[in-house]
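A.B. asks: Got a structure for you, written out below as structure tokens; questions coming shortly.
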Amino acid sequence: MKAYIARRILAVIPVMMTVGVLVFVLLRVVPGDVARSIVGVEASRAEVEAVRESLGLNDPVHVQFSLWVGRLVRGDLGRSYISNERVISQIGKRAGPTLSITFFTELVVVIVAVPVGVLAAWRVGSIVDRGVMVFAALGFSVPVFWVGFILIFLFGTWAFGRSEPLLPVFGYEPLSSGLVPYLRHLALPVAALCLGAMAFLVRITRASTLEVLNEDYVRTARAKGLAEDRVLLIHVFRNAALPIATIIGLQFAGLLTGVVITESVFAIPGMGRYVVAAMASRDYPIIEGTVLIVATGYVLINLGVDIFYAYLDPRIRY
Amino acid sequence: MRAMNRLWLLLLVIPLTLALAACGGDEEEEAATPEATRVAVQAPVIGGAPEAPAQVPATPVPAKEEVKVSEEDEKYGGSLKFIPNGGISGPDPIRGGDLSFLAALNIHDPLIAWDNDGNLQPQMLDQWKIENDGKLITLTLRDGLLFHNLEPVVPADIIQSIHRWRSKAVFGTFFNENLVSMTSPNDNTIVAEFTEPSGVFIQGLGDPSSPSPVMVPEYLAKTPKEDLMPEVIGAGIYKMVSIDDGVKTVWERFEDYNPRSDPASFRAGGKHAYFDTIEGLEVPEAQTRVSALVTGQVDFLDIIPPDFVGEVERNPELTALISQPGAQYFISFNLWDGSPFDMTEKGLLMRKAVQALTDNDEIMASFGPEDMWMTCASMWACGTRYGNENVNPELYNQKNIDQAKKYLEEAGYAGEPIILTHATGGGEAWTAFATVVNEQMKRAGFNIDFKVLDRAAMAAYRDATGDEGWHVSPTYMTSWSWRPIASRYSTYDLHGYDSPRMTAARLALTKEPDNVKMKALADEMQSVFFEEVPYVLAGHAFFLRAMNSDLEGYIDMPIDGVYFAELRWKSGKQQ
Numbered sequence: 001m002k003a004y005i006a007r008r009i010l011a012v013i014p015v016m017m018t019v020g021v022l023v024f025v026l027l028r029v030v031p032g033d034v035a036r037s038i039v040g041v042e043a044s045r046a047e048v049e050a051v052r053e054s055l056g057l058n059d060p061v062h063v064q065f066s067l068w069v070g071r072l073v074r075g076d077l078g079r080s081y082i083s084n085e086r087v088i089s090q091i092g093k094r095a096g097p098t099l100s101i102t103f104f105t106e107l108v109v110v111i112v113a114v115p116v117g118v119l120a121a122w123r124v125g126s127i128v129d130r131g132v133m134v135f136a137a138l139g140f141s142v143p144v145f146w147v148g149f150i151l152i153f154l155f156g157t158w159a160f161g162r163s164e165p166l167l168p169v170f171g172y173e174p175l176s177s178g179l180v181p182y183l184r185h186l187a188l189p190v191a192a193l194c195l196g197a198m199a200f201l202v203r204i205t206r207a208s209t210l211e212v213l214n215e216d217y218v219r220t221a222r223a224k225g226l227a228e229d230r231v232l233l234i235h236v237f238r239n240a241a242l243p244i245a246t247i248i249g250l251q252f253a254g255l256l257t258g259v260v261i262t263e264s265v266f267a268i269p270g271m272g273r274y275v276v277a278a279m280a281s282r283d284y285p286i287i288e289g290t291v292l293i294v295a296t297g298y299v300l301i302n303l304g305v306d307i308f309y310a311y312l313d314p315r316i317r318y
Numbered sequence: 319m320r321a322m323n324r325l326w327l328l329l330l331v332i333p334l335t336l337a338l339a340a341c342g343g344d345e346e347e348e349a350a351t352p353e354a355t356r357v358a359v360q361a362p363v364i365g366g367a368p369e370a371p372a373q374v375p376a377t378p379v380p381a382k383e384e385v386k387v388s389e390e391d392e393k394y395g396g397s398l399k400f401i402p403n404g405g406i407s408g409p410d411p412i413r414g415g416d417l418s419f420l421a422a423l424n425i426h427d428p429l430i431a432w433d434n435d436g437n438l439q440p441q442m443l444d445q446w447k448i449e450n451d452g453k454l455i456t457l458t459l460r461d462g463l464l465f466h467n468l469e470p471v472v473p474a475d476i477i478q479s480i481h482r483w484r485s486k487a488v489f490g491t492f493f494n495e496n497l498v499s500m501t502s503p504n505d506n507t508i509v510a511e512f513t514e515p516s517g518v519f520i521q522g523l524g525d526p527s528s529p530s531p532v533m534v535p536e537y538l539a540k541t542p543k544e545d546l547m548p549e550v551i552g553a554g555i556y557k558m559v560s561i562d563d564g565v566k567t568v569w570e571r572f573e574d575y576n577p578r579s580d581p582a583s584f585r586a587g588g589k590h591a592y593f594d595t596i597e598g599l600e601v602p603e604a605q606t607r608v609s610a611l612v613t614g615q616v617d618f619l620d621i622i623p624p625d626f627v628g629e630v631e632r633n634p635e636l637t638a639l640i641s642q643p644g645a646q647y648f649i650s651f652n653l654w655d656g657s658p659f660d661m662t663e664k665g666l667l668m669r670k671a672v673q674a675l676t677d678n679d680e681i682m683a684s685f686g687p688e689d690m691w692m693t694c695a696s697m698w699a700c701g702t703r704y705g706n707e708n709v710n711p712e713l714y715n716q717k718n719i720d721q722a723k724k725y726l727e728e729a730g731y732a733g734e735p736i737i738l739t740h741a742t743g744g745g746e747a748w749t750a751f752a753t754v755v756n757e758q759m760k761r762a763g764f765n766i767d768f769k770v771l772d773r774a775a776m777a778a779y780r781d782a783t784g785d786e787g788w789h790v791s792p793t794y795m796t797s798w799s800w801r802p803i804a805s806r807y808s809t810y811d812l813h814g815y816d817s818p819r820m821t822a823a824r825l826a827l828t829k830e831p832d833n834v835k836m837k838a839l840a841d842e843m844q845s846v847f848f849e850e851v852p853y854v855l856a857g858h859a860f861f862l863r864a865m866n867s868d869l870e871g872y873i874d875m876p877i878d879g880v881y882f883a884e885l886r887w888k889s890g891k892q893q
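Chains as they are written, first to last, in my numbering: chain A, 1 to 318; chain B, 319 to 893.
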């Protein structure tokens with residue numbers, strides 16, 4: 001097991017190096033740079049050129065790359081070209097909202113989607129199953145921004161006919177400002193994200209459970225006279241859990257990197273919005289730093305899932 | 319089967335019930351809704367009202383009447399939350415960006431400011447004196463001026479701030495070479511010496527468009543112009559307490575601000591900060607911004623897309639502010655050598671083809687309801703000092719496809735691809751503008767390659783000095799910046815526009831003291847504009863802003879940013 005984990009950790013290194021090189025090179029290929037954003041649209045090209053020179057953007061790409069790698073090795077992600085703020089401290093400030101949304105979304109999704117998926121498989125073909133499948137199709141079909149705006153209308157603008165909004169329609173309050181405001185500000189973005197994520201996990205859980213339900217050993221367990229709840233929990237769910245665990249891990253990582261639209265709709269100062277704004281002005285240190293941090297998170301979550309795999313099924317050793 | 323039927327029935331009934339409930343609510347609301355609150359606002363001056371004297375007086379007109387800060391003022395306070403038009407990031411007076419404009423208007427104070435009548439008035443100054451035909455200008459600071467760090471404002475701060483501003487401002491280009499020295503003979507006087515008459519120096523110091531001539535402590539003004547100032551310290555009515563990039567900024571009333579004794583008049587006079595705190599919040603999505611205002615999470619919203627006019631106007635708790643003349647929209651061309659629209663004779667014919675085919679009514683209709691825009695055959699904003707619709711009216715709103723085809727034939731255009739670019743991020747009306755231009759150009763036979771780019775990519779293409787990445791692109795300028803003296807686009811090397819006629823007329827205008835001759839020179843510039851066609855003028859689209867109906871005292875600014883002086887809660891403090 002230890003050797004397996006060590007191999008998986010070592011495999012992270014080339015992945016991160018590839019991500020670093022790709023991010024750096026692709027950014028330089030995309031037209032536009034930060035100099036024009038700094039000096040403004042009315043500035044002359046001479047001023048743009050002076051800023052470009054002072055930031056080292058006129059240096060050959062390999063020189064820029066070696067400087068960047070040198071800073072990375074020292075644990076320095078650099079400073080924003082525009083605000084001059086340290087990228088690492090800015091990412092630290094923005095990680096809270098993104099992690100909060102991701103955590104609560106995944107929590108709600110797992111609590112609801114897994115039992116519902118098992119139930120749908122257990123009662124396959126019933127009205128419950130069909131209802132779940134219709135919900136899943138809807139969840140896949142409606143885009144998250146649309147759900148977000150509908151929720152803003154329902155709980156904010158219209159508020160079911162009340163004079164006061166039921167929930168804040170935008171913004172984020174940290175936990176330090178109190179549990180209630182923290183949760184109230186998270187409610188709508190989490191709800192918006194839950195629909196699609198639930199739909200996906202319900203389908204996976206249902207399909208995986210159905211497959212196991214048809215196995216001979218389940219029939220045998222029932223034939224032995226085991227209670228249905230024991231059959232489901234011990235013989236079915238444990239064996240169906242492998243793909244479900246994989247999806248939960250990937251979904252968590254996907255949410256971490258994919259809440260950009262939700263953060264924009266609800267004006268949440270998370271990492272997604274941070275990097276999108278940086279992209280618009282080509283603030284390279286922010287983009288490179290955020291992508292590296294997020295990619296590291298993604299890889300580590302996958303690593304965790306792989307290790308969990310090995311725990312669930314001791315036969316697994318890559 | 320019965321189960322399936324029940325399921326479908328359920329699926330139909332739930333959304334229908336929701337829809338009926340929503341519609342029912344609307345009807346009740348409409349029946350009970352009083353007349354919508356809507357205010358058409360116009361900034362008092364844009365480069366001076368039409369009847370205002372253009373010549374800068376040798377010494378300013380003294381204050382009309384003295385007013386004391388009323389005890390009534392003390393009952394005001396509370397807080398205000400607003401959403402600016404753009405993002406929140408480190409402001410710097412000589413940088414663009416929404417927060418830079420906001421800071422220039424509210425955190426800083428100018429030396430000289432426009433009043434309601436289009437006159438320049440001393441603001442941080444007690445007076446100015448122009449001597450020796452404008453070669454010697456003396457600025458005298460008024461007493462009791464403090465920066466937000468409670469340090470007194472001294473001439474060294476002013477001199478260094480002016481140096482930083484003039485290195486970037488269009489106005490600087492008119493006197494930088496003539497400036498011999500700026501010195502301070504005592505604690506409140508600055509003497510500027512020029513080799514040529516430079517009354518434009520005073521006009522520049524009163525100009526509120528970007529970059530703004532605002533005063534900061536000397537050590538901040540020494541920041542290289544390429545770098546962001548490390549702190550935000552001004553001498554204005556509000557002081558910046560914090561700024562969280564991309565999230566929010568918090569301001570507080572500057573209790574030690576010493577207002578002038580004369581009455582407030584646009585940007586001049588005794589200004590008052592009525593709120594204890596102001597919080598600016600960045601909200602990127604238009605729908606969320608409007609919802610935040612409607613639900614009372616914020617009190618003031620700067621720039622709302624025209625799609626939401628109805629929603630704001632129907633709400634009795636909001637006041638819609640339609641700011642005129644708003645922004646002017648143009649079709650711009652890549653004029654660099656090699657572009658099909660370059661400065662050659664053939665390029666001119668191609669540009670004239672676009673000018674001839676343009677249906678301005680159709681374009682401007684894409685900006686929303688009819689009272690949100692206007693067509694106007696003037697290069698300078700209509701209703702302002704230089705606005706004139708009688709210079710070349712026949713060259714505006716021609717809708718002449720046949721003439722456009724003739725120009726194309728003369729130019730030898732044979733269907734080569736024309737790259738029409740559209741930069742994202744300007745809202746729905748902006749996108750519609752580009753789409754209509756695309757359709758109109760196709761009608762005349764242009765072979766359009768419509769490219770949608772982000773702003774950074776668009777800027778990169780525009781910085782290129784050849785036929786790279788773009789040929790035609792919709793653009794806009796606030797009416798404030800599109801003025802004969804302050805206009806940037808005719809002086810800088812953007813797009814490759816190089817016109818001896820335009821440059822000569824503009825330089826003559828900056829040196830001309832006579833009102834009538836200045837207007838004639840502005841007309842000449844407009845004539846060149848319509849004949850050389852560096853841009854095709856589309857029209858004016860007004861700005862829509864909205865605020866809580868319990869607010870009063872709003873002073874409109876025809877530029878990006880909101881001016882919070884005099885704005886206050888009607889009831890005194892916020893409920």
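Ideal placement from N, C-alpha and C gives every residue a C-beta, glycine not left out.
How would you label residue 844(B), buried or exposed, when you count the other beta carbons within 10 angstroms and need 16 or more for buried?
C.D. replies: buried
A.B. asks: If the cut is a Cβ gap below 7 Å, which residues of chain A does residue 730(B) touch?
C.D. replies: Those do not exist, as residue 730(B) stays about 30 Å from chain A at its closest Cβ, beyond 7 Å.
A.B. asks: Between the Cα of residue 133(A) and those of 158(A), 111(A), 177(A), 198(A), spot the shortest distance and give me the residue it belongs to.
C.D. replies: 198(A)
A.B. asks: List, in chain order, every chain A residue whose beta-carbon is nearer than 8 Å to that of residue 777(B).
C.D. replies: 32, 36, 37, 41
A.B. asks: Flag residue 603(B) as yes if its beta-carbon sits less than 7 Å from any beta-carbon of chain E, otherwise no.
C.D. replies: This model lacks chain E altogether; the protein chains it does include are A and B.
A.B. asks: Counting pairs of beta carbons, one from the segment 558 to 566 of chain B and one from the segment 442 to 458 of chain B, are three or more of them closer than 8 Å?
C.D. replies: no
A.B. asks: Suppose the cutoff is 6 Å on Cβ atoms and the five residues either side in sequence are ignored; what does the same chain contact list for residue 342(B) look like?
C.D. replies: With a pLDDT of only 40 at residue 342(B), under the threshold of 50, the placement of this residue in the model should not be trusted; the figure read from the coordinates follows. Within the same chain, residue 342(B) has no close Cβ partners at all.
A.B. asks: Please confirm whether residue 565(B) has its beta-carbon closer than 7 Å to some beta-carbon of chain A.
C.D. replies: yes
A.B. asks: What number of angstroms, rounded off, separates the C-alpha of residue 249(A) from the C-alpha of residue 298(A)?
C.D. replies: 9 Å
A.B. asks: Please report the straight-line C-alpha distance between residue 175(A) and residue 266(A), rounded to a whole angstrom.
C.D. replies: 18 Å
A.B. asks: Would you say residue 156(A) reaches chain B, if we count a Cβ-Cβ gap shorter than 7 Å as a contact?
C.D. replies: yes
A.B. asks: Closer than 6 Å by C-beta to residue 473(B): which residues in its own chain qualify, once you throw out the five before and the five after it? Chain order, please.
C.D. replies: 502, 508
A.B. asks: DSSP three-state call for residue 131(A): helix, strand or coil?
C.D. replies: In this structure, residue 131(A) counts as helix in the three-state DSSP scheme.
A.B. asks: Note down, in chain order, every chain B residue with its Cβ under 9 Å from the Cβ of residue 320(A).
C.D. replies: The displayed coordinates of chain A run from 1 to 318. Any statement about residue 320(A) would go beyond what the structure contains.
A.B. asks: Could you name the residues of the segment 540 to 551 of chain B whose beta carbon sits closer than 9 Å to any beta carbon of chain A, in the order they occur along the chain?
C.D. replies: Those residues of the segment 540 to 551 of chain B that come within reach of chain A (Cβ to Cβ, closer than 9 Å) are 542, 543, 544, 545, 546, 548.
A.B. asks: Taking only beta carbons into account, state which residues of the segment 138 to 156 of chain A come closer than 7 Å to chain B, listed in chain order.
C.D. replies: Of all residues in the segment 138 to 156 of chain A, 149, 152, 156 have a Cβ within less than 7 Å of some Cβ in chain B.
A.B. asks: Could you give the residue range of the alpha helix (DSSP H) that holds residue 279(A)?
C.D. replies: Its alpha helix (DSSP H) spans residues 271 to 281.
A.B. asks: Kindly say whether residue 267(A), judged by its beta-carbon, lies nearer than 7 Å to any beta-carbon of chain B.
C.D. replies: yes
A.B. asks: What would DSSP say about residue 810(B), mapped onto helix, strand or coil?
C.D. replies: For residue 810(B), the pLDDT reaches just 45, beneath the cut-off of 50, and the residue's location in the model is therefore unreliable, although a value from the coordinates is still provided. Three-state DSSP puts residue 810(B) in coil, outside helix and strand.
A.B. asks: Report, in whole angstroms, the separation of the C-beta atoms of residue 596(B) and residue 417(B), which I expect to be a contact under 8 Å.
C.D. replies: Contact doesn't hold; Cβ gap of about 12 Å is too wide.
A.B. asks: Skipping 5 residues on each side, what residues in its chain have a beta carbon closer than 6 Å to that of residue 819(B)?
C.D. replies: Only 846 meet the Cβ criterion.
A.B. asks: So which residues on chain A does residue 772(B) lean against when the C-beta distance must stay under 7 Å?
C.D. replies: 280
A.B. asks: What does residue 413(B) reach in chain A if we use C-beta pairs closer than 8 Å?
C.D. replies: 38, 39, 40
A.B. asks: For residue 302(A) and chain B, any beta-carbon pair shorter than 7 Å?
C.D. replies: Chain B, which has no Cβ nearer than 7 Å to the Cβ of residue 302(A), makes this no.
A.B. asks: Where does residue 728(B) fall in DSSP's three states?
C.D. replies: Per DSSP, reduced to three states, the secondary structure at residue 728(B) is helical.
A.B. asks: Which runs of the alpha helix (DSSP H) spanning at least 4 residues fall entirely within the segment 78 to 134 of chain A, listed in chain order?
C.D. replies: 87 to 122
A.B. asks: In whole angstroms, what is the alpha-carbon distance linking residue 505(B) and residue 35(A)?
C.D. replies: For residue 505(B) and residue 35(A), the distance between alpha carbons rounds to 39 Å.
A.B. asks: Tell me which same chain residues have a C-beta within less than 6 Å of the C-beta of residue 15(A), skipping the five on either side of it?
C.D. replies: 299
A.B. asks: Three-state secondary structure (DSSP) at residue 922(B)?
C.D. replies: Outside the displayed span of chain B (319 to 893) sits residue 922(B), for which this structure offers no information.
A.B. asks: Could you tell me if residue 423(B) is buried or exposed, where buried requires 16 or more neighbouring beta carbons within 10 angstroms of its beta carbon?
C.D. replies: buried
A.B. asks: On the DSSP letters alone, give me the boundaries of the alpha helix (DSSP H) that residue 861(B) sits inside.
C.D. replies: Element bounds for residue 861(B): not the alpha helix (DSSP H) but the beta strand (DSSP E), 853 to 866.
A.B. asks: Between the Cα of residue 553(B) and those of 560(B), 575(B), 544(B), spot the shortest distance and give me the residue it belongs to.
C.D. replies: 575(B)
A.B. asks: Near residue 592(B), which residues of its chain fall below 6 Å by C-beta distance, leaving aside the five closest residues on each side in sequence?
C.D. replies: Around residue 592(B): 394, 886.
A.B. asks: With H, G and I counted as helix, E and B as strand and the rest as coil, what does DSSP make of residue 351(B)?
C.D. replies: A caution first: residue 351(B) carries a pLDDT of 39, below 50, which makes its placement in the model unreliable, though a value can still be read off. It is coil, neither helix nor strand.
A.B. asks: Note down, in chain order, each residue of its chain lying with its Cβ closer than 7 Å to the Cβ of residue 731(B), except the 5 sequence neighbours on either side.
C.D. replies: For residue 731(B), where only same-chain residues beyond five positions count, the Cβ hits under 7 Å are 668.
A.B. asks: Quick check on this structure: which residue in 757(B), 839(B), 829(B), 614(B) has the alpha carbon closest to the alpha carbon of residue 157(A)?
C.D. replies: Ranked by Cα distance from residue 157(A), the first of 757(B), 839(B), 829(B), 614(B) is 614(B).
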